[in-house]
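Protein chains in written order, with our numbering: chain A, 1 to 125; chain B, 126 to 430. Built from N, CA and C at the ideal position, the CB exists for glycine as well.
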Amino acid sequence: MAAELHVALVAADREVWSGEATLVVARTTSGDIGVMPGHQPLLGVLESGPVTIRTREGGTVVAAVHGGFISFADDKLSLLAEIAELSDEIDVQSAEQELARAKAEDDAEAQRRADVRLRAASAGR
Amino acid sequence: MGAQLRVYKRRIRSVTATKKITKAMEMIAASRVVKAQRKVAASTPYARELTRAVTAVGTGSNTKHPLTTEAENPTRAAVLLLTSDRGLAGAFNSNAIKAAEQLTERLEREGKQVDTYIVGRRGVAHYNFRERKIAETFTGFTDEPSYADAKKIAAPLIEALETETADGGVDELHIVYTEFVSMMTQTAVDSRMLPLRLEEVAQESTTKGEILPLFDFEPSAEDVLDALLPRYVESRIYNALLQSAASKHAATRRAMKSATDNAGELINTLSRLANAARQAEITQEISEIVGGASALADANAGSDN
Chain A
1 MAAELHVALV AADREVWSGE ATLVVARTTS GDIGVMPGHQ PLLGVLESGP VTIRTREGGT
61 VVAAVHGGFI SFADDKLSLL AEIAELSDEI DVQSAEQELA RAKAEDDAEA QRRADVRLRA
121 ASAGR
Chain B
126 MGAQLRVYKR RIRSVTATKK ITKAMEMIAA SRVVKAQRKV AASTPYAREL TRAVTAVGTG
186 SNTKHPLTTE AENPTRAAVL LLTSDRGLAG AFNSNAIKAA EQLTERLERE GKQVDTYIVG
246 RRGVAHYNFR ERKIAETFTG FTDEPSYADA KKIAAPLIEA LETETADGGV DELHIVYTEF
306 VSMMTQTAVD SRMLPLRLEE VAQESTTKGE ILPLFDFEPS AEDVLDALLP RYVESRIYNA
366 LLQSAASKHA ATRRAMKSAT DNAGELINTL SRLANAARQA EITQEISEIV GGASALADAN
426 AGSDN
């Protein structure tokens with residue numbers, strides 16, 4: 001049996017997703033990073049961005065993550081985020097509205113957040 | 126109906142209405158305790174992973190950070206007091222306030238100047254009434270605190286800690302909140318949150334004998350710690366807020382339960398008094414009739430003669 005990652009994606013107020021995976025791709029402040037089983041222990045700061053988890057069954061889970069950390073040791077990977085949403089939880093319409101509003105108000109932070117949500121939503125489809 | 130009896134009847138009606146209200150409040154509070162407890166449980170995975178991560182950085186590198194460095198000569202301290210927005214919770218708020226006052230006194234004895242930050246309208250009202258200085262207040266969310274609220278509270282505190290003491294910053298941060306022990310027991314506790322003692326965090330997170338691996342830090346240990354520590358403080362404050370909310374609801378439930386019990390007792394007593402008054406009234410009526418009848422009989426007997 002191929003080695004697996006035990007992934008836990010937790011937001012501040014709930015556990016968003018947990019399960020087995022073969023590959024996790026996340027965006028750290030110094031660029032995208034892919035973690036596979038047997039990776040060196042790692043602790044990194046995440047950027048706002050989509051996180052892609054390839055599950056054992058071959059499926060893909062995409063989540064929008066805003067601010068947080070990735071930590072990996074002993075084939076256990078935890079993604080800690082202040083806010084995290086799975087792609088199918090994201091309300092595309094409200095995200096689009098938010099994006100439009102953020103653009104109108106020139107709020108770079110909100111704009112990026114909405115953008116990340118939209119990208120995660122479309123990647124998950 | 127006699128005046129006395131009418132008064133009793135009216136009081137019974139009013140106490141019955143009060144009892145209905147307190148009973149409803151008791152049940153609402155009971156359901157909110159469960160909800161708040163669930164939120165505490167839901168936030169645990171995040172807190173646990175975060176603690177692990179902090180330990181990993183703390184033990185895996187010799188990085189220094191303002192939030193972990195002890196001031197040599199602490200002269201200013203901040204106290205964060207968590208109370209609730211609404212009362213009707215027995216001694217909940219006064220216990221928390223008392224604990225904060227004791228802590229403040231102790232800190233002042235140690236020669237530290239204390240800045241008070243207050244969450245919840247009750248605490249704010251208490252301090253305002255006594256015209257004490259408050260550094261900052263946060264209100265309006267104590268029944269159901271969200272993580273965003275915790276962030277809002279943490280931001281000025283972390284900023285104060287990172288500011289030099291001479292420029293109005295503080296050297297340490299204490300938090301006073303009500304720990305939720307069980308449905309029946311909630312205790313007001315104070316603990317020093319910052320500067321963080323990494324050894325304590327490590328003790329909390331690692332099971333005995335576990336050795337943490339040597340981590341690769343991305344981008345660097347300093348940057349990770351920089352980002353990690355504020356999140357850790359936020360998550361601790363969030364946890365305290367949730368516990369305080371659960372405790373408040375439990376205290377409300379207990380207070381409302383005893384109010385309901387008292388109302389029931391009062392209704393019993395009043396019913397007995399009302400019964401006695403009714404009996405007295407009947408007895409009096411009978412004796413009046415009997416008295417009247419015998420007076421009539423006496424008069425008749427007199428005229429017969």
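Is it the case that the Cβ atoms of residue i and residue j are separated by a distance below 8 Å?
i: Ala370(B); j: Ile300(B); result: no
i: Ala202(B); j: Asp296(B); result: yes
i: Ser48(A); j: Val116(A); result: yes
i: Ala313(B); j: Ala221(B); result: yes
i: Val7(A); j: Leu86(A); result: no
i: Pro355(B); j: Val10(A); result: no
i: Phe305(B); j: Gln368(B); result: yes
i: Leu43(A); j: Ser71(A); result: yes
i: His66(A); j: Arg101(A); result: no
Under 8 Å by Cβ, that's how I've got residue i and residue j pegged, so tell me the actual separation to the nearest angstrom.
i: Ala12(A); j: Ser360(B); result: 7 Å
i: Gly245(B); j: Asp210(B); result: 5 Å
i: Val182(B); j: Leu286(B); result: That pair is no contact at about 18 Å.
i: Leu228(B); j: Asp315(B); result: 5 Å
i: Pro433(B); j: Asp74(A); result: Residue 433(B) is absent from the model: chain B starts at 126 and stops at 430.
i: Ile243(B); j: Thr208(B); result: 7 Å
i: Lys223(B); j: Ile392(B); result: Not quite, the Cβ-Cβ distance comes to about 34 Å (not below 8 Å), so this is no contact.
i: Glu343(B); j: Ser30(A); result: 6 Å
i: Val35(A); j: Leu5(A); result: 7 Å
Expressed to the nearest angstrom, what Euclidean distance is found between the alpha-carbon atoms of residue i and residue j?
i: Val358(B); j: Ala279(B); result: 7 Å
i: Leu206(B); j: Asp341(B); result: 38 Å
i: Val239(B); j: Ala178(B); result: 31 Å
i: Gln97(A); j: Met309(B); result: 47 Å
i: Val164(A); j: Pro281(B); result: With chain A covering only 1 through 125, there is no way to say anything about residue 164(A).
i: Glu151(B); j: Val249(B); result: 25 Å
i: Arg397(B); j: Ser156(B); result: 35 Å
i: Leu118(A); j: Ala95(A); result: 6 Å
i: Lys134(B); j: Asn425(B); result: 42 Å
i: Ala214(B); j: Thr147(B); result: 12 Å
i: Val349(B); j: Leu77(A); result: 16 Å
i: Ala3(A); j: Ala63(A); result: 23 Å
i: Gly68(A); j: Ser168(B); result: 15 Å
i: Asn387(B); j: Arg131(B); result: 22 Å
i: Glu325(B); j: Tyr272(B); result: 24 Å
I want to see whether chain A comes within less than 8 Å of residue i, judged by CB atoms only; does it?
i: Asp292(B); result: no
i: Tyr171(B); result: yes
i: Tyr302(B); result: no
i: Tyr363(B); result: yes
i: Glu174(B); result: yes
i: Ala260(B); result: no
i: Tyr272(B); result: yes
i: Ile326(B); result: The sequence shown places Val at residue 326(B), not Ile. With 8 Å as the cut-off, Val326(B) does not count as an interface residue toward chain A.
i: Glu390(B); result: no
i: Pro191(B); result: no
i: Ile148(B); result: According to the sequence displayed, residue 148(B) carries Lys and not Ile. Lys148(B) does not count as touching chain A.
i: Lys164(B); result: yes
i: Pro355(B); result: no
i: Val140(B); result: no
For residue i, count neighbouring C-beta atoms within 10 Å of its own C-beta (all shown protein chains included) and say buried if the count is 16 or more, exposed if not.
i: Lys373(B); result: buried
i: Ser307(B); result: exposed
i: Gly236(B); result: exposed
i: Met381(B); result: buried
i: Lys189(B); result: exposed
i: Lys164(B); result: buried
i: Ser412(B); result: exposed
i: Met1(A); result: Note on Met1(A): pLDDT 45, under 50, position unreliable in the model; the coordinate value appears next. Exposed.
i: Val415(B); result: exposed
i: Glu82(A); result: buried
i: Ala346(B); result: buried
Would you please verify whether the beta carbon of residue i is less than 8 Å from any beta carbon of chain B?
i: Gly44(A); result: yes
i: Ala3(A); result: no
i: Glu85(A); result: no
i: Ala110(A); result: no
i: Leu80(A); result: yes
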